[in-house]
Amino acid sequence: MSTSGSPRSVSAPAAAPADGGELSAAGLALAAEIRDREAPLAALPPRSDRSEEQQLGAAAIHRACRELRAAFLRAHAAAVYDRLTEGRTARLGLTELAGAAAESFPGLVPDGAQLAEELRHAQADKEGREIDQGIFFREILRLPGAGAHLVDVMRDPTPRAHALLPDFRATGRAELGKVTVERQGDGGHVTFHNDSCLNAEDNDLIAQLEVAVDLVLLDDGIRVGVLRGGPMTHPRYRGRRVFSAGVNLADLHHGRISFTGFLLQRELGYISKMYRGLSTLGRPDTFPAHGVEKPWVAAVETFAIGGGTQLLLVMDKVIAAADSYLSLPAAQEGIVPGAANFRLARLTGGRVARQAVLGGRKIWAGEPDARLLIDEVVDPKAMDRAVEDAVTQLAAPAVLANRRMLRVSEEPVDVFRAYMAEFSLVQAERLYGEDVLDKVGRFSARSGTGPSATDPPKSGTESGTESGTEPGAAAGTRTDTHAGAETGR
């Protein structure tokens with residue numbers, strides 16, 4: 001199969017006509033019911049200014065509307081997806097699919113105006129309309145047919161990667177902003193350098209990483225992908241490479257971490273592409289029937305916190321500096337750590353997985369248990385050579401076929417789809433849990449102006465990059481601040 005691919009179609013289908021069919025009639029009834037039930041919300045002040053009685057009233061409205069949306073989708077999700085995708089001929093990504101749903105089925109998911117209004121507010125002051133998107137994607141993904149189609153669509157190459165590909169093939173280098181991609185021999189080196197916040201994840205970084213992964217997979221001159229953090233300019237880490245400090249808490253506090261564009265996109269987008277490769281672009285007659293995939297190496301220096309550790313779970317080889325550590329403190333902060341709950345126990349066993357996810361255990365590279373997650377621990381000065389050797393090893397002809405068969409055995413795509421269906425709603429609710437919002441608020445109070453991603457991690461506390469540090473440790477212990485029981489927003 002050629003690795004050139006084609007850009008994902010992003011043209012949304014026209015609004016559903018009132019054709020008297022069951023789906024159209026049900027959609028119109030839902031829209032009218034949602035409109036009537038949500039009407040009182042327009043008379044309320046901003047969430048932060050509401051009285052307790054007003055808060056309870058708004059929560060009751062949202063809860064009732066969500067029950068209606070869930071019931072509608074339980075009855076019609078397959079038909080909704082087929083209408084939005086024109087019988088699964090249009091390949092709509094998450095954002096495009098949600099936008100088409102808002103247009104064709106008003107009230108089912110937030111429309112553009114509602115999402116724009118949400119972006120004007122800090123996380124604690126939003127209505128929580130992304131939860132409605134979580135309901136939508138859960139019901140689509142739980143369907144074997146529609147869900148499998150969406151999972152496949154999300155592995156299509158991005159339009160930006162296609163636009164950059166000719167120049168990248170010619171020069172072997174692409175500067176994407178916070179990410180650089182460079183061909184070195186058989187290796188495609190993806191280096192993230194979100195310097196001001198120790199490679200904390202934000203919406204831009206996630207989008208750029210997906211383009212970078214696409215370029216590595218699309219370039220015929222690259223046989224192995226490499227993930228590595230770049231040298232930092234932060235005073236505390238100047239000149240040192242840092243793998244990842246996890247999600248940017250400053251952006252979370254200010255309401256700038258997108259549910260679809262970040263939390264769902266990273267799992268179904270670039271992480272899925274690294275693990276499973278690019279899709280066959282909906283062409284069932286393609287030979288071979290599998291998409292374009294390549295083995296991946298991760299080079300961990302200083303720390304891999306939260307999302308950084310999640311990336312290691314889909315790598316074919318993990319090399320770590322002897323003074324580095326890994327951690328997954330998401331449960332302490334309140335959110336679900338991506339697909340780590342799905343993958344970690346397979347590698348470490350249930351006890352270590354629970355210690356890491358539920359207890360926030362930090363695993364140093366030199367610990368015996370680290371061998372379950374790290375293939376090779378080397379002196380920090382020997383990292384470059386270790387990465388070169390790993391690329392040479394994984395570029396061997398038989399690696400790709402055996403990697404593919406290991407993947408098929410370890411993680412059937414249908415099981416992943418089912419996990420992502422539940423993750424979609426659980427994570428959306430977590431983003432608006434009162435405990436999550438309380439922790440983010442306390443970060444803001446400590447810093448005076450909101451958590452700053454440029455401040456150094458403080459010993460024993462969480463920083464604005466989901467990081468804190470212990471005495472004697474390389475600073476940056478992440479503590480994801482997403483917690484929350486189901487909220488009534």
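The sequence shown: position 77 = 77 (this note's numbering), numbered continuously.
Each residue gets a CB set at the ideal place from its N, CA and C atoms; glycine is no exception.
Considering only residues of the same chain and omitting the five flanking positions on each side of residue i, which have a CB-CB separation below 8 Å?
{"i": "Glu410", "result": "Arg346"}
{"i": "Arg173", "result": "Thr180, Val181, Glu182, Arg183"}
{"i": "Leu23", "result": "Ala16, His76, Ala79, Val80, Arg83"}
Measure the Cβ-Cβ separation of residue i and residue j and say whether it is below 8 Å.
{"i": "Val226", "j": "Val387", "result": "yes"}
{"i": "Asp375", "j": "Val426", "result": "no"}
{"i": "Leu119", "j": "Gly239", "result": "no"}
{"i": "Val300", "j": "Asp316", "result": "no"}
{"i": "Val190", "j": "Val153", "result": "no"}
{"i": "Leu523", "j": "Thr302", "result": "The chain is shown only over 1 to 489; residue 523 falls outside these bounds and no answer can be derived."}
{"i": "Val211", "j": "Leu176", "result": "yes"}
{"i": "Ala353", "j": "Leu326", "result": "no"}
{"i": "Ala398", "j": "Val357", "result": "no"}
{"i": "Leu94", "j": "Thr260", "result": "yes"}
Tell me which residues share the same chain as residue i and place their Cβ nearer than 7 Å to its Cβ, disregarding the 5 neighbours each side in the sequence.
{"i": "Ala395", "result": "Asp186, Arg223, Val224"}
{"i": "Thr487", "result": "Annotation note: pLDDT 35 at Thr487 (below 50); position unreliable, no value reported."}
{"i": "Leu313", "result": "Ala340, Arg343, Leu344, Leu347"}
{"i": "Ile140", "result": "Ala77, Tyr81, Ala146, Gly147, Leu150"}
{"i": "Gly450", "result": "Confidence at Gly450 is low in this model, with a pLDDT of 40, below 50, so its placement is unreliable and the value that follows should be read with caution. Once the five neighbours on either side are set aside, the close Cβ partners of Gly450 are Ala250, His253, His254, Ser444."}
{"i": "Arg403", "result": "Pro295, Asp316"}
Mind checking if residue i is an interface residue toward chain B, Cβ cutoff 8 Å exclusive?
{"i": "Arg407", "result": "No chain B appears in the structure shown, which is made up of a single protein chain."}
When the Cα of residue i is compared with those of the options, which residue comes out closest?
{"i": "Ala29", "options": "Cys65, Pro235, Arg83", "result": "Cys65"}
{"i": "Ala322", "options": "Gly360, Trp364, Gly188, Ala174", "result": "Trp364"}
{"i": "Leu209", "options": "Gly350, Pro231, Glu267", "result": "Glu267"}
{"i": "Phe72", "options": "Pro45, Arg120, Leu108", "result": "Leu108"}
{"i": "Phe416", "options": "Lys362, Asn402, Gly338, Val377", "result": "Gly338"}
{"i": "Ala320", "options": "Leu372, Arg351, Gln123, Leu358", "result": "Leu372"}
{"i": "Ile257", "options": "Gly306, Asp204, Leu218", "result": "Asp204"}
{"i": "Glu182", "options": "Gly230, Ala207, Pro157", "result": "Gly230"}
{"i": "Ala31", "options": "Ser104, Arg83, Gly93", "result": "Ser104"}
{"i": "Ala70", "options": "Ala26, Glu117, Ala353", "result": "Ala26"}
{"i": "Ala491", "options": "Asp220, Asp36, Ala174, Gly188", "result": "A question about residue 491 goes unanswered here, because the residues of the chain that appear run from 1 up to 489."}
{"i": "Ile34", "options": "Pro157, Gly349, Leu68", "result": "Leu68"}
{"i": "Lys178", "options": "His62, Ala245, Asp202, Ala370", "result": "Asp202"}
{"i": "Pro380", "options": "Arg442, Asp369, Arg241, Lys362", "result": "Arg241"}
{"i": "Gly21", "options": "Glu52, Pro45, Ala79", "result": "Ala79"}
{"i": "Pro144", "options": "Glu422, Ala418, Phe423", "result": "Ala418"}
{"i": "Arg160", "options": "Gln133, Ala207, Arg142, Ala170", "result": "Ala207"}
Assuming residue i contacts residue j under a Cβ cut-off of 8 Å, what Cβ separation, rounded to an integer in Å, is found between them?
{"i": "Thr280", "j": "Gly291", "result": "5 Å"}
{"i": "Leu41", "j": "Ala60", "result": "Contact doesn't hold; Cβ gap of about 11 Å is too wide."}
{"i": "Asn199", "j": "Phe243", "result": "7 Å"}
{"i": "Val247", "j": "Gly334", "result": "Not quite, the Cβ-Cβ distance comes to about 12 Å (not below 8 Å), so this is no contact."}
{"i": "Leu252", "j": "Gln123", "result": "6 Å"}
{"i": "Tyr275", "j": "Arg74", "result": "At roughly 30 Å, the Cβ-Cβ gap does not stay under 8 Å, so Tyr275 and Arg74 are not in contact."}
So, at 6 Å on beta carbons, what are the nonlocal neighbours of residue i in its own chain, with the 5 sequence-adjacent residues on each side left out?
{"i": "Asp195", "result": "Met232, Thr233"}
{"i": "Arg47", "result": "Asp125"}
{"i": "Val413", "result": "none"}
{"i": "Glu293", "result": "Gly277"}
{"i": "Leu263", "result": "Gln427"}
Legend entry - Sequence ranges, beta strand (DSSP E) only - wholly within the segment 282-345, length at least 3: DSSP runs (the beta strand (DSSP E)) wholly in the segment 282-345: 296-300, 303-305, 317-321, 325-327.
Legend entry - Complete runs of the beta strand (DSSP E) confined to the segment 119-204 [at least 3 residues]: Qualifying beta strand (DSSP E) stretches, in chain order: 173-175, 179-184, 187-192.
Inset, instruction - Note down, one range per segment and in chain order, each alpha helix (DSSP H) of at least 4 residues found wholly within the segment 239-268. - result: Those alpha helix (DSSP H) runs which fall completely within the segment 239-268 and span 4+ residues are 249-253, 265-268.
Inset, instruction - Would you mind listing the beta strand (DSSP E) stretches within the segment 29-81 that are 3+ residues and don't spill past its ends, in chain order? - result: For the segment 29-81, not a single whole beta strand (DSSP E) run of length 3 or above is found.
Legend entry - Every unbroken alpha helix (DSSP H) inside the segment 368-408 [4 residues or more]: Whole alpha helix (DSSP H) segments, 4+ residues: 383-394.
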